[in-house]
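Chains as they are written, first to last, in my numbering: chain A, 1 to 311; chain B, 312 to 590.
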């Protein structure tokens, strides 16, 4: 619509000088000039890279060896039988589920409280988003010490209620929840802000109507707020799964994948294969499989929630 | 909506609990960075230093193998350069997709949308090898350019440009403005909010990235802050815990100052970015 009026006004003005066909061409040329720089970079660093990665995954490609034989699906077959890979995948899924649930719940709770018209609202919003701004480096350094089994403050606080001491980062069963807790602390700010935006979009009349009908706070939350937040929850969980499935910094800094391989994650493993063992071909296969898993998860989640809500 | 007493009570209960959850780890880290090496290894752990001292800060700033100043500078330059590159590449492309008619408009944009599904990790190995072949390893170029064609940025800005009434552009057309002038003098000035939001988003994302800077840099002088902190932790965690914490505290101060100054813009930017992306 806008483009039509655009072109008409424009052709009226220039008709005297230029034939209409040239105007159309001008727009096309301008458009390609506008998108060209972006696509140049996109082709080099995304399209080319994806094609090269897929191609490399069919080769035995070691960074130090000049010969790089084509080995068909050998890398993928190796991956299927690679115990470390399966451990890493399982760890990543556990971590992702706990972290996404945690950040979503804490974020929603914070958002519900933050949209109440109470004193100090602005202060609390600023404060609660603060951890999200720390770099994963600072985050890891702070939390690895809090979670320390001998001198950590978390064990100290737990001792008041008679719990512990727990070897958070040294116990194979606790390390993933401990990393999740760290990440929930760090990452709940984003869902919180998205939920605030979502909650502000719910018309006040709906709440009033419900109150007039005698609904209590809990009914209002579960019957009105939550259903109407469905698209927001979809967005928060999809982006959450995508970002937390890529977890790397927390295990890298806080546990180095340990104890044993209890906190290996898929990206951590990708790093090990490609940049510690220098097996680029096998690494490419790992990356391709990670890409497929993430694309599949996004698609599934999308269909799960795709019912749109209209006010 | 008027808040009832119960409403207020629960609101404050939630907010105060979360505030403690957020503040406690930060304040303990700050507090322990003023302790001595021996003091942090006390049990029960001290929450406040008995005699606060600056030894840890002094050590972290003077140690030969720690260059917080350089790492911070590198992080800021790389993240700023990256953010500028994203804006320069994405804004014109987004304008073309939002406003101009050309063959392949929908096809190309649809193609870009599909590629959002492709996770960036798949590009790591080929792009690393490309950096090596271009001899860009250990340079700023490797930190700035590979991720600059940010599809999300095009998507976000296109969504925003489409909300700008086209009458405004028509007025410029009547004044004889070409496409670039319309983009530069009409669209961009009306889009500062979206541009700032996108900038904050990509800046922070880049500033906090660990994986890519870790693999494409390898000398002390070219590391970025997250990479440097990770190295600092592995080298000093055992004996010099306050030093490591001082590094974490010092490195967080600049970003927290920026946040406190621009907090409204930053939180609103995140909401706008998320809100647009969620559509």
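Backbone N, C-alpha and C fix where the C-beta goes; we use that ideal spot for every residue, glycine too.
These numbers come from a predicted model, not from an experiment.
Contact note: residue 88 of chain A does not reach chain B at a C-beta cutoff of 7 Å; the least C-beta distance is about 13 Å. No Cβ of chain A is located within less than 8 Å of the beta carbon of residue 472 of chain B.
Residue 27 of chain A belongs to the set of residues whose beta carbon lies under 8 Å from a beta carbon in chain B. The DSSP-derived three-state label of residue 264 of chain A is coil.
With respect to the 8 Å criterion, residue 174 of chain A and residue 166 of chain A are classified as neighbours on the basis of their beta carbons. By the Cβ criterion, the stretch 99 to 110 of chain A is in contact with the stretch 184 to 200 of chain A, since at least three pairs of Cβ atoms, one from each stretch, lie closer than 8 Å. Across the structure, residue 375 of chain B and residue 449 of chain B are spaced so that their CA atoms are roughly 20 Å apart.
Among the residues facing chain B, residue 278 of chain A is not included, as its CB has no counterpart in that chain under 8 Å away. About 5 Å separates the beta carbon of residue 273 of chain A from that of residue 282 of chain A, a gap short enough to meet the 8 Å contact definition.
Judged by pairs of C-beta atoms under 8 Å, the stretch 517 to 524 of chain B does not touch the stretch 329 to 340 of chain B, as fewer than three such pairs exist.
Pairwise C-beta distances place the stretch 36 to 48 of chain A in contact with the stretch 398 to 407 of chain B, as three or more of them are shorter than 8 Å.
When the Cα atoms are used, residue 372 of chain B and residue 152 of chain A turn out to be separated by approximately 25 Å. With respect to chain A, the C-beta atom of residue 323 of chain B has a partner C-beta closer than 8 Å. Within the same chain, Cβ atoms closer than 8 Å to the Cβ of residue 221 of chain A are found at 112, the five residues on either side in sequence being excluded. Residue 248 of chain A sits in coil when the DSSP states are folded into three classes, being neither helix nor strand. Residue 352 of chain B has a beta carbon lying within less than 8 Å of a beta carbon in chain A.
The DSSP assignment places complete alpha helix (DSSP H) segments of no fewer than 4 residues inside the stretch 514 to 564 of chain B at 522 to 527, 536 to 547, in order along the chain. Any Cβ of chain B closer than 8 Å to the Cβ of residue 214 of chain A would place that residue at the interface, and such an atom is absent.
For residue 422 of chain B and residue 236 of chain A, the gap between their C-alpha atoms comes out near 24 Å. At least one beta carbon of chain A lies nearer than 8 Å to the beta carbon of residue 519 of chain B. Annotation: residue 546 of chain B to residue 279 of chain A spans about 27 Å, alpha carbon to alpha carbon. Linking residue 440 of chain B to residue 63 of chain A through their CA atoms gives a straight-line distance of about 9 Å. Contact with chain A is found for residue 526 of chain B, since one of that chain's Cβ atoms lies less than 8 Å from the residue's Cβ. Counting every other CB atom within 10 Å of its CB across the protein chains shown gives residue 66 of chain A a total below 16, marking it as exposed.
For residue 534 of chain B, the CB contacts under 6 Å within the same chain, skipping 5 residues up- and downstream, are 382, 528 in chain order. Here residue 144 of chain A is near residue 253 of chain A, since their CB atoms are less than 8 Å apart.
Cα atoms of residue 366 of chain B and residue 523 of chain B: separation of roughly 33 Å, rounded to the nearest angstrom. The DSSP assignment places 136 to 146, 153 to 160 as complete runs of the alpha helix (DSSP H) inside the stretch 129 to 167 of chain A, in order along the chain (cut-off: 4 residues).
The secondary-structure analysis by DSSP pairs residue 279 of chain A across a beta bridge with A:62. Sequence-ordered contacts of the stretch 555 to 583 of chain B with chain A read 555, 556, 558, 559, 560, 562, 563, 566, 567, 569, 570, 571, 574, 575, 577, 578, 579, 581, 582, 583 [C-beta pairs closer than 9 Å]. With a threshold of 16 other beta carbon atoms within 10 Å, residue 503 of chain B falls short and is exposed. Within the stretch 495 to 518 of chain B, contact with chain A at the beta-carbon level (separation under 8 Å) is assigned to 515, 518.
The alpha-carbon separation between residue 553 of chain B and residue 343 of chain B amounts to approximately 6 Å.
Legend: CB atoms of the stretch 399 to 428 of chain B lying less than 8 Å from CB atoms of chain A belong to residues 399, 400, 401, 403, 404, 406, 407, 408, 410, 411, 412, 413, 414, 416, 419, 423, 426, 428. For residue 50 of chain A against residue 526 of chain B, the beta-carbon gap comes to about 18 Å, at or over 8 Å, which does not count as contact. The three-state reading of DSSP puts residue 345 of chain B in coil, since its state is none of H, G, I, E or B.
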